[in-house]
Structure formats: C-alpha cells, structure tokens
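Those protein sequences? They're chains S and G, same order as listed.
Residue 114 in the numbering used here is what sits at position 114 of the first sequence, and the numbering runs on without skipping anything.
Count along the second sequence from 1, add 263, and you get the number used in the numbering used here.
Glycine included, C-beta positions come from ideal geometry on N, C-alpha and C.
Note that the structure is a prediction, hence the values are computed from the model and not measured.
Comments concern the structure below.
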Amino acid sequence: MTESVPRSLRPFEAIGRRTIGVVDALGRFGTFLGVALGLLVTPPFKLRAFIGRIHYIGFNSLLIILLTGSFTGMVLGLQIYVTLSRFGSEAYLGPAVALSLIRELGPVLAALMVTGRAGSALTAELGIMRISEQIDALTVMALNPFRYLVVPSILAGVISFPLMTALFDVVGIFGGYLVGVELLGLSQGTYFGEMKTFVDMKDIMTGFWKSLCFGVIVTWVATYKGFHVGHGAEGVARATTQSVVLASVLILVWDYFMGSVLP
Amino acid sequence: MIRVEGLTKSFGANQVLRGVDFEAPKATITIVIGRSGGGKSVLLKHLIGLMRPDAGRVVIDGADITRLSGRALEPVRRRYGVVFQSGALFDSLTCWDNVAFQLSETTRLSGPEIRTRVETALEQVELVGVGPKYPAEISGGMRKRVAIARALVTEPEIIFFDEPTTGLDPILVNTIHRLIQSLHRKLHFTAVMVSHEIPEIFEIADRVAMLHEGRIVEAGPPDVIQASTNPVIRQFIRGEPELSAPDPTKRST
Chain S
1 MTESVPRSLR PFEAIGRRTI GVVDALGRFG TFLGVALGLL VTPPFKLRAF
51 IGRIHYIGFN SLLIILLTGS FTGMVLGLQI YVTLSRFGSE AYLGPAVALS
101 LIRELGPVLA ALMVTGRAGS ALTAELGIMR ISEQIDALTV MALNPFRYLV
151 VPSILAGVIS FPLMTALFDV VGIFGGYLVG VELLGLSQGT YFGEMKTFVD
201 MKDIMTGFWK SLCFGVIVTW VATYKGFHVG HGAEGVARAT TQSVVLASVL
251 ILVWDYFMGS VLP
Chain G
264 MIRVEGLTKS FGANQVLRGV DFEAPKATIT IVIGRSGGGK SVLLKHLIGL
314 MRPDAGRVVI DGADITRLSG RALEPVRRRY GVVFQSGALF DSLTCWDNVA
364 FQLSETTRLS GPEIRTRVET ALEQVELVGV GPKYPAEISG GMRKRVAIAR
414 ALVTEPEIIF FDEPTTGLDP ILVNTIHRLI QSLHRKLHFT AVMVSHEIPE
464 IFEIADRVAM LHEGRIVEAG PPDVIQASTN PVIRQFIRGE PELSAPDPTK
514 RST
C-alpha cells in the first residue's frame, strides 16, 4: 500500500506499478492472438462469419484503395520524373514507381487506409457488442466469441490485405503511367519495359509478406481493443482511437523491421 | 438446486461481495433484491460463470462451476438460459435469427425442427409476427420478450434474469412479470432473478433474498421478507431515503 512505502521510494513504486501494468497488458495482448490463432486451425470453422468479414474488411474498402492507390501512383510519377529528369534518367521512372509501390508504399498505405476505414469500424462494432452484453450472450450460450468474432476477422485480414495491396500496386503503377506517359511524354515501352527488367519476384514477395503481416496486425489490434473496451460511448470512442493509432504505429514499426530483414 | 457459499469478490479496494450465501431451490422463482450498485449483477455474473470469485463456490446440482473453465463449462451453460438487463439481442440479426441462433449453432436439429421451436418460443412470449424485424425496429418491451424467447428456446432447466424490467413502464413491468410467472408454471424451470422492482416481485417470487453491502441479510418466502423487522429490509421495501433529508422549507439560522 502507498501509505506503508517511505516517501523517498514512492517514485520507484510508481515506476514498478506502471511496468507491471505494461507487462500485464502486453501479456493479455499476446495471449489474445495466441488464443485466436489456436482456434484458427481447430474446427468448427465459421464460414458465414468469415465471408461476412471479407466483405466488411475487403470489399467495402475497395473504393478507398482504388482512390488512394491511383493518386499515390500519380504523385510518385510526377515527383520521380522531375527528380530523374535532372540526371537525364527519365527512363527509370517505371521501375522507380513500381519498386516504391510494391516494396513499401503499397503494403503500408493500403494497410493504413484499411485501418482507418475497417479497423476503426471493427473496434467500434465489437466495443458496442461488449457494452451491450452481446459478447457475454454468446459466452453464456456456450459459444466461443473468439470463434465468431475474432478468428473470422483475422482470417479475413490475412486473405484480403494482400489482395488489396496488389490492387493498390496495380492502380498505382497505372497512375504513374498516366502522369509519366500520357502527360509528360515518356514512351510506353520504356515505362513498362524497364519495369520488367528491374522488378524481381523477391520484391513482390517482400510486399506480399508485409501485407500479410499488416492484415494480422490491423485485425488483431482492432478486435483486441473492441473486446477490451471501457464503459459507455466514451469507452468505445477511446478504444476506436487507440485501435487506429496503435495499428498505424505497429504497421510503420513492423514495416521497418521487415524491410531490414527481408531481402 | 443452486447453492452459493461464501462468495466474495473485490475490484481493487472495492469489496463488492463479502461472503454471499443463498440457495435457489429447483423449479422455484428466487429473486435477489437490493439497492442499485449493491452487487446484484456481479452476483449474477458469478452464477452464470462470467466472473470468477476471489473465494467461495457456486454449486449447480452438485457441480462447483467456479472450478470449471473453458470447454468444461459448456455442458453447464447448455442447461441454462440468460435474460440480460439490456436484452443483449444481436443487433445484426433479425428477432427470428436471434431466437434460432443457439439452436442452429449448438444442436443438430433440422431446419423444420428449429422453425417449430422458434415459433413456439415466440408464441409463448406473445410475439407472433415480429420474427422478420430487427431488434432496433421493435419497442423496449418487445425486445425483452424476444430475449426471454431466446432464453426459452433451448428448453433450459434454469433461467437467470438480470433486472428484466429495467427501463420499462409500470404496465410493461407487470406484463413481463406475469409472463415470467406463467412460463414458469407451464415449463417448471428454476428461475433466479435480480431485481429492485418492489413490491411487484413479491407477487411472483417463491423466495426472496436481500443483498446488502455484499451479504445476504435475509432470505425466505415473500411474506416473511415483507414482514421482516430488519431495518435494512424495511427501509428498502418502503423506499425510505437513507438519511433524513433537510426540510427545504426551513431556513437555517
């Protein structure tokens, strides 16, 4: 108890209590994923819930992916063309746009966009289910809420994130094509031909593994925050904000980690 | 028979349950009364296995459910239904799907059998025709009745009610109480309810237990509780304020 601790030691006690709290939260966060992954490979599988989540996370995010992908490609096309033209290397516009998108910007920006759209909505939905006792109702019906709410979301993230990233990359490359070829006059053959020379399968696989990991991170954070929501509307609002912020930070940190580990 | 022995639960420094002991005999309606924030819902969450006590036992027909977890709890959970305070209907499903959900997920009943059971449950709560509607499209009283139908549909031996009439007008409160009473007479389930609807609950209860400051201060048939000389019970039943409020017409000198 605070009363029994000498005044001089109280700062250390506070640090200790905070540390225990952080370790405890990290433990719960990790256990949450462990339980979900365990259920992911054990029947019964909830196909209807999974298809619903694919629609919720993937299909409903298509428009935002198409929009941000195309404009990202157009901005890249413009900026890289201006830079390369200083060195007379405009021919490398295609590979520069493609490599930037496939290795880095595609997975990261697509994940950030889906975090803002679907991750936040997922946290809010589960948070409302938690405070209105719908998750408790599942539990007392002898049904595991993880199986119905968490596992289908994580699986949908794993499937839909790489697909959305691929779509982001493709529309981004065509955005770069629009600016570089149609507006700035680079030849079509140069744009796509040089791309074929410089982009390897390992670049595509780097982007793929990143997007797969981001799919897990975003749905893991969103469902965890939704399950551990505070009280009332304020609790749901706070959990939703924390979910978006934490998922975004983890995406960027994990991107750096994978970028330095993967070839 | 449900038996609670020495149940204690604290949240940080706040000790909510301080050794709760009570019994709910088979095929009776036992109602736990007490002030708002007095731990009634926490007690119910222990009875339905959603919370683990710091100490004490909850014994349902000889099985201590506080020692069970995960899959071991599932057979026990299949024996009871729960009507939550808010109804806790799944808002993405229609009323029909809400009632049918547990049957279709936990039993091997055929489609026509499930349809018959759902129709019967909705008839029992006098809600024929609301099946296709979503919970957001029906009134609060109807939502409570759908929640009761959802608890009934698996034909459980025990039904727990967490303040099933909260937020309803006095007419609906009586309607829901009469409904619970008539269903109980027909189906003979064991009912445990937490409520603070005084005096209405005395008309439907077989046993009443008063929870105060984390302990059951008295339990017995409704007439015994109503005639109790315990000042806490008398104050609660009569709805007297805890401290005598100062007379606003008198000016302080």
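Worksheet entry | Residue-chain proximity (T593 of chain G, chain S), Cβ-Cβ < 8 Å | Residue 593 of chain G is absent from the model: chain G starts at 264 and stops at 516.
Worksheet item: Is DSSP giving V349 of chain G helix, strand or coil here?
Response: The identity of residue 349 of chain G in the sequence shown is Ser, whereas the question assumes Val. S349 of chain G: coil per DSSP, three-state reduction.
Worksheet item: In terms of residues, what are the limits of the beta strand (DSSP E) holding I292 of chain G?
Response: Here the beta strand (DSSP E) through I292 of chain G covers 292-296.
Worksheet item: Rounded to whole angstroms, how far is the Cβ of V171 of chain S from the Cβ of G69 of chain S, which I believe are closer than 8 Å?
Response: About 4 Å; that satisfies the 8 Å criterion.
Worksheet item: Listed from N- to C-terminal order along the chain, which residues in the region 122-138 of chain S have their beta-carbon within a distance smaller than 7 Å of any beta-carbon of chain G?
Response: Correct list: S132, E133, Q134, D136, A137.
Discussion item. Distance check for V218 of chain S and L155 of chain S, CA to CA, integer angstroms please.
Written reply: For L155 of chain S and V218 of chain S, the distance between alpha carbons rounds to 11 Å.
Worksheet item: Using the C-alpha atoms, what's the distance from L474 of chain G back to A110 of chain S?
Response: The alpha-carbon of A110 of chain S is positioned some 54 Å away from that of L474 of chain G.
Discussion item. Suppose the cutoff is 6 Å on Cβ atoms and the five residues either side in sequence are ignored; what does the same chain contact list for K513 of chain G look like?
Written reply: Any answer about K513 of chain G is weak, because its pLDDT of 49 lies below 50 and its placement is not dependable; what the coordinates show is given next. Same-chain partners within the cutoff: there are none.
Worksheet item: In whole angstroms, what is the alpha-carbon distance linking L435 of chain G and L442 of chain G?
Response: In a straight line, the C-alpha of L435 of chain G is about 10 Å away from that of L442 of chain G.
Worksheet item: By DSSP, does S70 of chain S sit in helix, in strand, or in coil?
Response: Correct three-state label for S70 of chain S: helix.
Item to complete: With 8 Å as the threshold, decide whether the Cβ of L313 of chain G is near any Cβ in chain S.
Response: Yes, its Cβ sits closer than 8 Å to a Cβ of chain S.
Discussion item. Runs of 4 residues minimum, wholly inside the region 316-365 of chain G: which ones carry the alpha helix (DSSP H) assignment?
Written reply: 337-340, all fully within the region 316-365 of chain G.
Fill in: Residues within the region 329-345 of chain G neighbouring chain S, beta-carbon criterion of under 7 Å
Hits within the stretch, in order: E337, R340, R341, V345.
Discussion item. Alpha carbons only, please: which of S:F32, S:V221, S:L212 is nearest the one belonging to G106 of chain S?
Written reply: Answer by Cα proximity: S:L212.
Worksheet item: Buried or exposed: M201 of chain S, going by 16 or more other Cβ atoms within 10 Å of its Cβ?
Response: Label assigned to M201 of chain S: exposed.
Worksheet item: Between the C-alpha atoms of G120 of chain S and F174 of chain S, what's the straight-line distance to the nearest angstrom?
Response: In the sequence on display, residue 120 of chain S carries Ser and not Gly. Whole-angstrom Cα-Cα distance: 29 Å.
Worksheet item: What is the residue span of the alpha helix (DSSP H) that K210 of chain S lies within?
Response: K210 of chain S -> alpha helix (DSSP H) spans 201-227.
Worksheet entry | Cα-Cα separation between E460 of chain G and L331 of chain G, rounded to whole angstroms | So the two alpha carbons sit approximately 33 Å from each other.
Worksheet item: Between the region 362-370 of chain G and the region 139-149 of chain S, do at least 3 Cβ pairs fall closer than 8 Å?
Response: Enough Cβ pairs lie closer than 8 Å, so yes.
Worksheet item: Can you give the Cα-Cα distance for G27 of chain S and L66 of chain S, rounded to whole angstroms?
Response: Whole-angstrom Cα-Cα distance: 37 Å.
Worksheet item: Which word fits A399 of chain G, buried or exposed, when buried means at least 16 other C-beta atoms lie within 10 angstroms of its C-beta?
Response: Label assigned to A399 of chain G: exposed.
Worksheet item: Hey, how far is the Cα of P152 of chain S from the Cα of S458 of chain G?
Response: S458 of chain G has its alpha-carbon roughly 37 Å from the corresponding atom of P152 of chain S.
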